[in-house]
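Working notes, structure below.
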Amino acid sequence: MKTKVRYNSPIFGNMMPALIDRFRNARRVLYMSHLALGDYLYQRTFLQQLKEAFPHIVLDVWFDDFRRVGKSWQQGRNDIMSEWLKTEPFIDAFYPLVSCRQERLAQFRQAKEKQYDIVLFIGTARSYRFAYYARRIGGENAYCAGVVEDAAWSPVRHWFFRHLDLCIQDTAKTRKTYVLQYYGDLFRQLTGIHPVTELSPLKIPETSAKKVAVQLKEWHARFNTRMALMVNAVSTTPKRDYPWKKMADVLERLYRQKPGCLFIVNTPPHLVDEVEAQVNQLHAGKGIPCVCFTSQTGVDELSALVDKVDGVLSVETAIIHFAAAVGTPLVALMRQKTSNWCPPSAQKALFSPTYVDEISVSDVTNACLQYLL
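This is the structure:
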């Protein structure tokens, strides 16, 4: 017997009857997107609301990004995203990043065998491939709808998306809105629900909180410090990175003003050897109390540490969104073109018109002293 849809739920609003019927009669739904941790932190809000509106559906997630050539950071992201999705009660199964064409084909066959009734995607990079695989996985009978990059849309190129039941353009105008509202509007167009644009709470397991508390206590005892600043200078692309030489200068200046502060330098797993060497050299040469940190057990440990520190200084990566989610004071270093990704709750955001490395050491230092320490 099919579960009755809750028509009186406030998120339905003026939802189109046709879409109500599609989801009410659906058994399996696949959502596809090139998910980084920050993307998923926001999108999970709307996936959770979709599942609450239609509790009878089986909701799966595909986060392979269809890259032809893998990246050095790919395995680290894969591990953390996979561990996170395993803990999400509203997600049944997921399809991770793959390392070769053979793995992708095997994953495609696995997905196709599940006979999804609805396939949705947000593919603002490699839009053609998302559209192609969405329809191939869903087959002729599935309802397929997706969001594609505006650069992929033209009088000629729209031919690539002709097999979709609904194709939504991601325009420069829509990308100017705050990221939570941006994703909320895309999910509204994809599903017909009127979601509540309020970030779902990020729950930190007690075991992770205790583990991080013990580690912090040990660090403070080692360096005789009383407060902690989490620092994140690297992302997945150089234009968003803050050079280590400049960040080291920032930490040296902060240390002179706040010698009782511990600096926890976060790094992705694939850079841990390089960053740890830099951090050790900074401590040995300048006496600055600093340690290197990389999450070994996934998003729970990372979010627990972000929650426990006194402040966060970070470039535009998942760390700034975790800080916003748990309410930790934040100074964000960002590009002006991505200002819509800056959490409104940030104590201070420093913007560069081009690359993040153009932001001065003095501006970063002063922002930290004024807003974090």
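Here full-length UniProt numbering is used: position 299 in the sequence shown is 299, and no number is missing along the way. Positions of the beta carbon are idealized from the N, C-alpha and C atoms, including for glycine.
Can you tell me whether DSSP reads SER33 as helix, strand or coil?
strand
ILE80 to CYS368 span [Cα, whole Å]
29 Å
Helix, strand or coil for LEU305 per DSSP?
helix
So LYS199 and ALA325 are in contact, right, with Cβ under 8 Å, and what is the actual spacing, rounded?
Rather than Lys, the amino acid found at residue 199 in this sequence is Leu. LEU199 to ALA325, Cβ: 6 Å. Contact.
Could you have a look at ASP64 and say whether DSSP puts it in helix, strand or coil?
coil
Local Cβ density within 10 Å of ARG135, reported as buried at 16 or more and exposed below that:
buried
The alpha helix (DSSP H) enclosing ASN141, as first and last residue numbers:
That residue, ASN141, is in no alpha helix (DSSP H); it is neither H nor E in DSSP.
Taking MET230 and VAL309 to be in contact with their CB atoms under 8 Å, please state how far apart those CB atoms are, rounded to whole angstroms.
Right, the Cβ-Cβ distance comes to about 5 Å (below 8 Å), so this counts as a contact.
Beta-carbon separation (whole angstroms), THR225 vs PRO289, contact threshold 8 Å:
5 Å
Could you spell out the range, first to last residue, of the beta strand (DSSP E) harbouring ARG335?
330–335
Of the residues LEU373, VAL214, ILE168, PHE351, which one's Cα is nearest the Cα of GLY260?
LEU373
Helix or strand or just coil, what does DSSP make of VAL58?
strand
Check whether the Cβ atoms of ALA318 and GLY38 lie closer than 8 Å to each other.
Against a cut-off of 8 Å, the Cβ pair of GLY38 and ALA318 comes out as a contact.
Taking only three categories from DSSP, how would you classify ILE319?
Looking at ILE319 - three-state DSSP - the assignment turns out to be helix.
VAL148 to ALA125, Cα distance in whole Å?
8 Å
Taking the alpha-carbon of VAL272 as reference, which of ARG240, GLU252, PHE293, VAL58 has the nearest alpha-carbon?
Selected option, being the one with the closest Cα: PHE293.
Would you mind sorting THR354 into buried or exposed? The rule is 16 or more other CB atoms within 10 Å of its CB.
exposed
My guess is that VAL212 and GLU301 are in contact by the Cβ rule of under 8 Å, so how many angstroms apart are they, rounded?
About 7 Å separates the beta carbons of VAL212 and GLU301, which is inside the 8 Å limit, making them a contact pair.
Could you pull the DSSP bridge partners for ALA93 from this structure?
DSSP lists ASP60 as partners of ALA93.
Run through DSSP, which three-state label would residue 430 get?
No statement about residue 430 is possible, as the shown extent of the chain runs from 1 to 373 and does not include it.
Across the region 243–255 and the region 359–366, are there enough close Cβ pairs to call them in contact, namely three or more that are closer than 8 Å?
yes
According to DSSP, is VAL196 part of a helix, a strand, or is it coil?
coil
Close Cβ partners of GLN278 (< 7 Å) along its chain, the five nearest in sequence each way excluded
TRP244
Between the alpha carbons of PRO344 and LEU330, how many angstroms are there, rounded?
10 Å
What first and last residue would you give for the alpha helix (DSSP H) that runs through PRO80?
For clarity, residue 80 is Ile in the given sequence; the question names Pro instead. Where ILE80 is concerned, the enclosing alpha helix (DSSP H) stretches over 74–86.
May I have the straight-line CA-CA distance separating PRO205 from ALA323, to the nearest angstrom?
16 Å
Under 8 Å, do GLY192 and LEU164 count as touching if we go by C-beta distance?
No, they are not a contact pair.
Give the DSSP bridge partners of ASN266, in chain order.
Beta-bridge analysis with DSSP links ASN266 to PHE293.
For the beta strand (DSSP E) containing GLY285, name the first residue and the last one.
First-last for GLY285: 272–286, but that is the alpha helix (DSSP H), not the beta strand (DSSP E).
Buried versus exposed call for residue 375 [16 or more other C-beta atoms within 10 Å across all chains shown]
Beyond the ends of the chain as shown, which are 1 and 373, falls residue 375; an answer cannot be given.
Opening and closing residue of the alpha helix (DSSP H) in which LEU216 lies:
206–223
With a threshold of 8 Å on Cβ separation, who are the neighbours of LEU350 within its own chain once the five nearest residues in sequence on each side are excluded?
VAL331, ALA332, LEU333, MET334, ILE359, ASP363, VAL364, ALA367
By the DSSP assignment, the beta strand (DSSP E) with LEU350 in it spans what residues?
348–352
Own chain, CB closer than 7 Å to ILE11, minus 5 neighbours either side, in chain order
Here the model assigns ILE11 a pLDDT of 40, short of 50, so the residue's position is not dependable, and the following value carries that caveat. Taken in chain order, the residues that qualify are GLN49, ALA53, ILE193, HIS194, PRO195, VAL196.
If you draw a straight line from the alpha carbon of GLN370 to that of VAL315, how long is it in whole angstroms?
18 Å
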